[in-house]
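>
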Amino acid sequence: MTKHLPVTPAWICGGCGADWPCQTRRRELRAEYDRAPVSLALYLAAQLVDAAPDLAHVPAGHLHHRFLGWTR
479 MTKHLPVTPA
489 WICGGCGADW
499 PCQTRRRELR
509 AEYDRAPVSL
519 ALYLAAQLVD
529 AAPDLAHVPA
539 GHLHHRFLGW
549 TR
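Residue numbers (my numbering): 479 to 550.
Following this line, the structure appears as structure tokens:
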């Protein structure tokens, strides 16, 4: 089990303290969803929806890049 899970409401990584998803968690998610990129995008979109109220001060474009933009 990973230690790199989000700590809310700040949405920082519980394993390393970086913005979640951190680089380690991104690598883990890529491996976990290797053959299911649409499922990965749906999971991350759901996380973005959960995070948006907590991170209302962060521009929407930044949140999109942080949660979804790296999956391409």
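The beta carbon of each residue, even a glycine, is placed where N, CA and C say it ideally should be.
I need the straight-line Cα distance from A488 to L533, nearest angstrom please.
Taking the straight line from one Cα to the other gives about 7 Å.
> How close, in whole Å, do the beta carbons of W498 and P484 come, if the pair is a contact with beta carbons under 8 Å?
The Cβ separation is near 4 Å, so the contact holds.
> Alpha carbon to alpha carbon, how far is L526 from H540? Give it in angstroms, no decimals.
One C-alpha to the other measures close to 11 Å.
> Enumerate in chain order the residues of its own chain whose CB-to-CB distance from R503 is below 7 Å, with the five nearest sequence positions on each side excluded.
For R503, where only same-chain residues beyond five positions count, the Cβ hits under 7 Å are T480, H482 and C491.
> Since L522 contacts T486 with CB under 8 Å, what's their CB separation in whole angstroms?
At roughly 15 Å, the Cβ-Cβ gap does not stay under 8 Å, so L522 and T486 are not in contact.
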